[in-house]
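Participant:
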Amino acid sequence: MAKITLDKLRHSYMANPSGPQDYALKELNLDWEDGGAYALLGPSGCGKSTLLNIISGLLVPSEGRILFNDRDVTTLPPDQRNIAQVFQFPVIYDTMSVFDNLAFPLRNRGIDEGRVKARVEEIAAMLDVTEMLKVRAANLSPDNKQKISMGRGLVREDVNVIMFDEPLTVIDPHLKWKLRSKLKELHHRVRATMIYVTHDQTEALTFADQVVVMQDGEVVQIGTPVDLFDRPQHTFVGHFIGSPGMNVLSCEVRDGGAFVAGHQVSLEGAVTVGAGRTEVGIRPEFVSLSATGLPATVRKVSDLGRHSVVEAMLGDTRVNAIVEGAVPGQGEAVHLTFRPDQTRLYCDGWIASEKGRAA
Amino acid sequence: MRKVNQKGWLFVLPVVILVAFNALIPMMTVVNYSVQETFGDNVFFWHGLGWFEDILKSDRFQAALGRQAFFTFLILIIEVPLGVIIALSMPRKGFWVPVCLVTMALPMLIPWNVVGAMWNIFTLPDIGLLGYFLNHVLGVTYDMTQNPTAAWITIITMDVWHWTSLVVLLCYAGLVSIPDAYYQAAKIDGASNWAVFRYIQLPKMKQVLTIAVLLRFMDSFNVYTEPFVLTGGGPGNSTTLLSIDLVKIALGQFDLGPAAAMSLIYFAITLFASWLFYTLMTRHDVK
Amino acid sequence: MRKRSIIPILYIAFLMLPIYWLVAMSFKTTQEILGGFSLFPQTWTLASYRTIFTDPTWYWGYINSIAYVTINTVISVTVALPAAYAFSRYRFLGDKQLFFWLLTNRMAPAAVFALPFFQLYSAVGLFDTYWAVAMAHCLFNIPLAVWILEGFMGGVPKELDETAFVDGYSFPRFFLKIFLPTIKAGVGVAAFFCFMFSWVELLLAKTLTAVYAKPIAATMTKTASSAGYELGLLAAAGTLTIIPGAIVIWFVRNYIAKGFALGRV
């Protein structure tokens, strides 16, 4: 097990990158604690797979260093890093039995057959695949195949980190949940450092203790699932996490207050605004319909069972509100209020209001 | 699952008519000849299975069949491993891929007798590039019109030159269909190059390798034009393969009965051996 | 450059050597060829090529070859298309057996059929025409085309057909307007292989022609045997037979690997 440090890491797929736009991964400094469960969350093409491949050693970064327990491994090949990786599509060795598949990483390292057998059986029991050990791996269902490829990662006792690259992509929805909880359980048992890459917020938030949100090759926020939901550091995080995502409304800041479509809204605290685009961010959960407040027109109502999402037009901007109980009809005029301690100001995308101290 | 639709027959009818016209009528002619005896003037007599018996017992047939089988055996054990090795070492992407594919496929697009003629010119003892090099630079005495061993080495080398690319292209097609994740996983699992080949590349190439072995078997067992143009079956009878002997009997001596019987035996052997190869190579898939 | 690129480089060098020798030979004078060994032509001459392009028995050989190869390719692909569609989409009585029977025709030694073919095409009055050779080559090209096209068609989801029929397309219109463009790579690959095997085959082509449809490759054999060893001329004619293949292969270079991989055994 190991602590992982990323030190001034940058990567470009081009030979001579000329500016920040040429970097698939922008400068990154990060510490991952030993035994933690981390998730890398972001849309396709945000650089999370690049980062993963750099950690596993399939890719050498253009700049910066990677340290495992303070030891520099930047240029070491994957097999010398003692890492394990589970891929998007289950990678199994078709011609081997399940047992041989699980034993493969151990046998390649010359471990004696007695230990191999004991370890494989232990891992098989953990994964509930004991009864399949003699089956040819090619004949398994996709979720079992994926379990076997996880098993190949877990079977080695010396792994520094196990990485999962969107491992549930090809799994049927009703099995996804089962496999995810299995994974969580395994993490508790083996206490290995695990990094889980996904574009699915539910997977990331349920698996990880710490979530790293990425966009355009840049880390925009690192935090617990609660942090990400409560206080997004960037409008992207607010928008990406939550269903529906945070409302981001362009606003005008004057006389120490923020004005949306000409109406003042009160914010969580003091603001520090430079020159730049300013926006107000408020989650739909904290927008309510009331007798007074910002006047808006209801455009659409979607009933989601336990609650409804009301989509209202505030001038030209759309605002989502989550409403429990009675909902207004389409086209009706309503008034919206934002809960002040959950209303934040963003400047050029980054948070610009402070918590708690009222303006 | 595909739908049951007897209209399918309408779609395949033109194919069936054209192929049947070309396959069944000549085949019937051959069968017809094979059971008759003629003394010329288009007068035929019933001869039963006599020709088959004669052919199967004749030393000439057995020797030609032996040479043919030996030729095919050499071709398969040289071309298949060689083709696999070349396919493994080819680049997977980039500018050189189409260059490799086109240059490698080129020999297969040359008319077969031109291949024979080309190798003839290439191996002439004093004025051919290879012949001159062997005789005058390396000092090896080489003349395939005199020495049976030299003739054999030459027809084998020519076939390797002509057809190895087929195996290469097939294996290459199988290799490029392997996703990168397999190689990455193998690296992480600490697999050696041999293990990568044995457990990833070979299983993925199995289907195309089956096709390659089958095609190479059928074509090398039926080969005629190239060795005929190159050596004419000589020196002596040393490179007279079954097909060459068959044409000699049928068109040269006009012994229609024996030639027809021989054709049918030949065809039956090819068919049986192809079926055997196919069954052996795919028997694991059923499990 | 990686160390293992040495293998393909050596292999390609081995492939190119005899071809180089043929081409070099074609530019040498007869005197130089018979006079002794020379790695490069000492005096370049186009005499051999001039002979070929001015003598009708030579250049008609090319026209004949290209004519029957083209006819064969068109026939093979045209009849193979609906058949391949049927094999990939429908099940019908005896479909598996039929598919297998088609493939066995590739196993028949051409030598077996030479004489019966001669008699058959003489009987139907097609002897020494382009049609005779083109039709005879269908024996092995149609099964091949069906096999390749079936592989490509199997990769097209059936939903495409169903959607088109729901949208009110008639079968012929669907086949020509939607299906054919979808598998045009497959059609290209099938046509390439038909062209190739028809172009390189000689035994049947020679047996079925005498004067009017005689292929270039057969003209060459005659030169080699009867008119003595005119090596320069032979080399020039040989060089010219490589060109059509080289041109065709350049067009399908991106699909060759795929064309080989597809198809069921």
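Residue numbers (this note's numbering), protein chains in the order written: chain A, 4 to 362; chain B, -4 to 282; chain C, 3 to 267.
Positions of the beta carbon are idealized from the N, C-alpha and C atoms, including for glycine.
At a Cβ cut of 7 Å, what residues of the stretch 103 to 131 of chain A count as close to chain B, listed as they run along the chain?
Facilitator: Phe107, Pro108, Asn111 and Arg112
Participant: Can you give me, in chain order, the residues of the stretch 109 to 131 of chain C that have a beta carbon less than 8 Å from any beta carbon in chain B?
Facilitator: Met109, Ala110, Pro111, Ala112, Ala113, Val114, Phe115, Ala116, Leu117, Pro118, Phe119, Gln121 and Leu122
Participant: By the 10 Å Cβ neighbour count, where 16 or more other Cβ atoms means buried, how is Met139(B) classified, buried or exposed?
Facilitator: Answer is buried; the Cβ neighbour count reaches 16.
Participant: Is the stretch 205 to 218 of chain B close to the stretch 99 to 117 of chain A, with three or more CB pairs under 8 Å?
Facilitator: As far as the Cβ criterion goes, the stretch 205 to 218 of chain B does not touch the stretch 99 to 117 of chain A, which means the pair count is below three.
Participant: Is the stretch 49 to 63 of chain B in contact with the stretch 183 to 196 of chain C, if contact means three or more CB pairs nearer than 8 Å?
Facilitator: With a cut-off of 8 Å, the stretch 183 to 196 of chain C and the stretch 49 to 63 of chain B do not count as touching, because too few Cβ pairs lie within range.
Participant: Counting only the same chain and skipping the five closest in sequence on each side, list residues whose C-beta sits under 6 Å from that of Arg159(A).
Facilitator: Correct list, in chain order: Pro108.
Participant: With a cut-off of 8 Å on the beta carbons, I'd call Ala195(A) and Gly296(A) a contact; round off their distance for me.
Facilitator: 50 Å between Cβ atoms; not a contact.
Participant: Spatial neighbours of Leu83(B) within its chain, please: C-beta separation below 8 Å, excluding the five flanking residues on both sides.
Facilitator: If we look at Leu83(B) and ignore the five residues flanking it on each side, its Cβ neighbours are Cys166, Leu170, Phe192 and Gln196.
Participant: Using the DSSP secondary-structure output, state which residues sit across from Gly284(A) in a beta bridge.
Facilitator: Gly284(A) is bridged to Val251(A) and Arg347(A).
Participant: Counting pairs of beta carbons, one from the stretch 78 to 97 of chain A and one from the stretch 33 to 48 of chain A, are three or more of them closer than 8 Å?
Facilitator: no
Participant: Residues in its own chain within less than 6 Å of Gly230(C) by CB, not counting five upstream and five downstream?
Facilitator: At Gly230(C) the pLDDT is 49, less than 50, meaning the model places this residue with poor confidence; the figure from the coordinates comes in the next sentence. Taken in chain order, the list of residues that qualify is empty.
Participant: Roughly how many angstroms lie between the CA atoms of Gln63(B) and Ile173(B), to the nearest whole one?
Facilitator: 37 Å
Participant: Do Trp60(C) and Thr53(C) count as a contact pair if the criterion is CB distance below 8 Å?
Facilitator: yes
Participant: How close, in whole Å, do the beta carbons of Gly50(A) and Leu28(A) come, if the pair is a contact with beta carbons under 8 Å?
Facilitator: 5 Å
Participant: Measuring alpha carbon to alpha carbon, tell me which residue in Leu204(C), Thr45(C) and Phe173(C) is nearest Phe6(B).
Facilitator: Put simply, of Leu204(C), Thr45(C) and Phe173(C) the residue whose alpha carbon is nearest the alpha carbon of Phe6(B) is Phe173(C).
Participant: Output the distance between the C-alpha atoms of Leu62(A) and His190(A), rounded to the nearest integer angstrom.
Facilitator: 26 Å
Participant: Sort Ala140(A), Asp219(A) and Gly45(A) by Cα distance to Ser15(A) and report the nearest one.
Facilitator: Asp219(A)
Participant: Would you say Val94(A) faces chain B, with C-beta separation under 8 Å as the test?
Facilitator: Yes, Val94(A) lies at the interface with chain B (some Cβ there is under 8 Å from its Cβ).
Participant: Any beta carbon from chain B within less than 8 Å of Cys196(C)'s own beta carbon?
Facilitator: no
Participant: Please classify Ile65(C): is it buried, with 16 or more other beta-carbons within 10 angstroms of its beta-carbon, or exposed?
Facilitator: It counts as exposed.
Participant: Give the secondary structure of Gln31(B) by DSSP, where H, G and I count as helix, E and B as strand, and everything else as coil.
Facilitator: strand
Participant: So if DSSP puts Ala40(A) in a beta bridge, which residue, or which two residues, is it bridged to?
Facilitator: Met197(A)
Participant: Alpha carbon to alpha carbon, how far is Leu186(A) from Thr98(A)? Give it in angstroms, no decimals.
Facilitator: Their backbone Cα atoms lie some 26 Å apart in a straight line.
Participant: For Asp168(A), I'd like the list of residues in its chain whose CB is within less than 8 Å of its CB, leaving aside the five on either flank, ordered along the chain.
Facilitator: Ser52, Leu55, Gln88, Val89, Phe90, Gln91 and Val200
Participant: Sorted by chain position, which residues of the same chain lie with C-beta nearer than 6 Å to Gln236(A)'s C-beta, five sequence neighbours on each side aside?
Facilitator: Gln224 and Ile354
Participant: Ser293(A): which of Phe341(A), Leu178(A) and Asn323(A) sits nearest, CA to CA?
Facilitator: Out of Phe341(A), Leu178(A) and Asn323(A), Phe341(A) has the C-alpha closest to the C-alpha of Ser293(A).
Participant: Give the interface partners of Ser59(A) over in chain B, defined as CB-CB distance under 8 Å, in chain order.
Facilitator: Result: Gln179 and Ile183.
Participant: Taking all protein chains shown into account, do 16 or more other C-beta atoms lie within 10 angstroms of the C-beta of Pro93(A), making it buried, or fewer, making it exposed?
Facilitator: buried
Participant: Starting from Ile225(A), follow its DSSP beta bridges and name the residues at the other end.
Facilitator: Beta-bridge annotation (DSSP): Ile225(A) is paired with Val215(A).
Participant: Going by other Cβ atoms of all chains shown within 10 Å of its Cβ, with 16 needed for buried, is Ser181(C) buried or exposed?
Facilitator: The question names Ser, but residue 181(C) in the sequence shown is Phe. Burial check for Phe181(C): the Cβ neighbour count within 10 Å reaches 16 or more, so the residue is buried.
Participant: Could you tell me the distance, in whole angstroms, from the CA atom of Ile7(A) to the CA atom of Thr274(B)?
Facilitator: Ile7(A) and Thr274(B) have their C-alpha atoms spaced approximately 53 Å apart.
Participant: Do you know whose CA, among Val313(A), Asn250(A) and Ser305(A), lies nearest Thr346(A)'s CA?
Facilitator: It is Asn250(A).
Participant: Around the C-beta of Ser227(C), are 16 or more other C-beta atoms found within 10 angstroms, so that it is buried, or is it exposed?
Facilitator: Only weak support is given to the placement of Ser227(C): the predicted model assigns it a pLDDT of 48, under 50, and the question is left unresolved by the model.
Participant: Anything in chain C within Cβ reach of Gln1(B), meaning under 7 Å, just list it in chain order.
Facilitator: Neighbours of Gln1(B) on chain C, chain order: Phe94 and Leu95.
Participant: Taking only beta-carbon positions, decide if Ile195(B) is within less than 8 Å of chain A.
Facilitator: Cβ-Cβ to chain A under 8 Å: yes for Ile195(B).
Participant: Whose Cβ in chain B lies nearer than 9 Å to the Cβ of Met155(C)?
Facilitator: What Met155(C) touches in chain B: nothing, since even the nearest Cβ is about 11 Å away.
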